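**Student:**
Residue numbers (my numbering): 12 to 262.
(1) With DSSP run on the structure shown, which of helix, strand or coil describes residue 24?
(2) Which first and last residues belong to the beta strand (DSSP E) in which residue 263 is found?
(3) Quick one: what does DSSP say residue 123 is sitting in, helix, strand or coil?
(4) How about residue 33 and residue 82: do their beta carbons lie closer than 7 Å?
(5) Is residue 201 helix, strand or coil by DSSP?
(6) Given that a residue counts as buried once 16 or more other Cβ atoms are within 10 Å of its Cβ, and exposed if not, what is residue 255?
(7) Flag this pair as touching only if the region 95-104 and the region 67-75 have three or more C-beta atom pairs under 8 Å; answer yes or no.
(8) May I have the straight-line CA-CA distance separating residue 166 from residue 149, to the nearest angstrom?
(9) So, residue 147 versus residue 117, is the Cβ gap smaller than 7 Å?
(10) For the region 49-65 against the region 87-102, are there 3 or more C-beta pairs whose distance is under 8 Å?
(11) Exposed or buried, residue 181, counting other C-beta atoms within 10 Å across all chains shown (16 or more means buried)?
(12) Taking the beta carbon of residue 212 as the centre, do at least 16 other beta carbons fall within 10 Å, making it buried, or is it exposed?
(13) Under a three-way DSSP split, which group does residue 29 fall into?
(14) Got a sec? Which residues, its chain only, sit under 7 Å from residue 130 by beta carbon, not counting five neighbours each side?
(15) Which residue marks the beginning of the beta strand (DSSP E) containing residue 79, and which one marks its end?
(16) Indicate whether at least one CB of chain B lies closer than 7 Å to the CB of residue 24.
(17) Just to confirm the assignment, what range does the beta strand (DSSP E) spanning residue 173 have?
(18) Under 7 Å, do residue 244 and residue 237 count as touching if we go by C-beta distance?
(19) Give every residue of the same chain whose Cβ lies closer than 7 Å to the Cβ of residue 51, excluding the five residues on either side of it in the sequence, and list them in chain order.
(20) Under a three-way DSSP split, which group does residue 109 fall into?
(21) Excluding the 5 residues preceding and the 5 following residue 93 in the sequence, name in chain order all residues of the same chain whose CB lies nearer than 6 Å to its CB.
(22) Using DSSP with H/G/I as helix, E/B as strand and the rest coil, what is residue 225?
(23) The beta strand (DSSP E) with residue 71 in it runs from where to where?
(24) Have a look at residue 23 and residue 71 and give me their C-alpha separation to the nearest angstrom.
(25) Under a Cβ-count criterion, where at least 16 other Cβ atoms within 10 Å of its own Cβ denotes burial, should residue 215 be classed as buried or exposed?
(26) Ends of the beta strand (DSSP E) at residue 243?
(27) Excluding the five sequence neighbours on either side, which residues of its own chain have a C-beta within less than 7 Å of the C-beta of residue 74, listed in chain order?
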């Protein structure tokens with residue numbers, strides 16, 4: 012495990028001297044830990060099961076340097092408990108299969124307030140309060156099959172399914188890759204896949220309409236050339252293209 016404590020404090024006079032628009036204090040504590048168990052249940056397969064925890068605690072208070080008016084108070088706690096299992100099996104030399112499942116429990120508490128202020132463009136930003144407690148589940152599963160019909164070719168097909176209780180949506184993401192050996196030291200590879208990411212609970216809690224926002228999506232295309240230069244040295248050159256959709260943007 013690992014833990015950390017952070018504290019940042021700036022007095023009003025110091026903020027004036029440095030030309031800062033706000034001053035205040037920011038305290039946070041973070042911690043993470045986990046365990047992994049590996050089971051060699053066969054000469055052709057094994058499994059990994061892990062449990063982990065991650066938590067953060069934030070206490071922040073800021074005021075405007077010019078007027079000393081209170082700008083923001085952030086008192087929030089976030090925690091997640093995770094369990095993950097992955098099994099890998101190679102029944103024959105030319106076939107490799109992998110299947111996994113994971114679950115995450117999210118717990119958050121927000122007691123945040125933001126005062127009205129005028130931004131750099133002269134626009135008046137209205138005040139906002141976020142006071143909420145929320146628990147959510149995220150469940151996922153993944154699988155892949157890698158085929159090596161010839162010593163110089165490996166093709167992999169797979170995908171992932173995720174469900175979030177916060178958004179009540181299920182996403183399906185197919186993925187594929189191939190590697191072609193051009194020689195003893197040179198490999199040409201290509202892959203494509205779709206990836207989704209659930210919106211953070213702090214965003215979903217800010218407004219009821221945010222729960223209707225679609226999950227951010229990215230489609231990746233990658234092509235690469237790898238050259239083994241020596242016993243422990245490899246040179247890899249990659250070109251990639253990514254297409255993004257449904258990113259939340261605050262105008």
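Heads up, the beta-carbon is just placed ideally off N, CA and C, and yes, glycines get one too. Owing to the predicted nature of the structure, the values given are computational and were not obtained by experimental measurement.
**Tutor:** Straight from the coordinates:
(1) Reading the chain shown from its first residue, position 13 is the one you call residue 24. Note: residue 24 maps to helix in three-state DSSP.
(2) An answer regarding residue 263 cannot be provided, because it is not within the stretch 12 to 262 covered by the chain.
(3) If you number the chain shown from 1, residue 123 lands on position 112. Looking at residue 123 - three-state DSSP - the assignment turns out to be strand.
(4) Position 22 of the chain shown, counted from the first residue, corresponds to residue 33. Position 71 of the chain shown, counted from the first residue, corresponds to residue 82. Yes.
(5) Here the question's residue 201 lines up with position 190 in the chain shown. In the structure shown, residue 201 sits in a strand (DSSP, three-state: E or B).
(6) Here residue 255 is taken as the residue at index 244 of the chain shown, counted from 1. Exposed, by the Cβ-count rule.
(7) no
(8) To locate residue 166, count along the chain shown from 1; it is residue 155. To locate residue 149, count along the chain shown from 1; it is residue 138. Spanning the two alpha carbons is a distance of roughly 30 Å.
(9) To locate residue 147, count along the chain shown from 1; it is residue 136. To locate residue 117, count along the chain shown from 1; it is residue 106. Result yes, Cβ atoms of residue 147 and residue 117 sit closer than 7 Å.
(10) yes
(11) In the chain shown, counting from the first residue as 1, residue 181 sits at position 170. By the 10 Å Cβ count, residue 181 comes out exposed.
(12) If you number the chain shown from 1, residue 212 lands on position 201. Buried, because 16 or more other Cβ atoms sit within 10 Å of the Cβ of residue 212.
(13) Against the chain shown, residue 29 aligns to sequence position 18. The answer is helix: DSSP assigns residue 29 an H, G or I state.
(14) To locate residue 130, count along the chain shown from 1; it is residue 119. Contacts found: 136.
(15) Numbered from 1 along the chain shown, position 68 holds the residue referred to as residue 79. From DSSP, residue 79 is part of no beta strand (DSSP E); its letter is neither H nor E.
(16) No chain B is part of this structure, which consists of one protein chain only.
(17) To locate residue 173, count along the chain shown from 1; it is residue 162. Element bounds for residue 173: 164-175.
(18) Numbered from its first residue, the chain shown carries residue 244 at position 233. Numbered from its first residue, the chain shown carries residue 237 at position 226. In this structure, residue 237 does not lie closer than 7 Å to residue 244 by Cβ.
(19) One-based indexing of the chain shown puts residue 51 at position 40. Once the five neighbours on either side are set aside, the close Cβ partners of residue 51 are 57.
(20) Against the chain shown, residue 109 aligns to sequence position 98. Strand at residue 109.
(21) As a working mapping, residue 93 is identified with position 82 in the chain shown. Result list for residue 93: 63, 115, in chain order.
(22) Taking the chain shown and counting its residues from 1, the one referred to as residue 225 is at position 214. It is coil, neither helix nor strand.
(23) Here the question's residue 71 lines up with position 60 in the chain shown. Note, residue 71: beta strand (DSSP E), 56-75.
(24) Looking up residue 23 in the chain shown gives position 12. Looking up residue 71 in the chain shown gives position 60. The straight-line gap from Cα to Cα measures roughly 15 Å.
(25) Mapped onto the chain shown, residue 215 falls at position 204. Looking at its Cβ environment, which holds 16 or more other Cβ atoms inside 10 Å, residue 215 is buried.
(26) Taking the chain shown and counting its residues from 1, the one referred to as residue 243 is at position 232. That residue, residue 243, is in no beta strand (DSSP E); it is neither H nor E in DSSP.
(27) Reading the chain shown from its first residue, position 63 is the one you call residue 74. Here the set comprises 33, 34, 35, 80, 81, 82.
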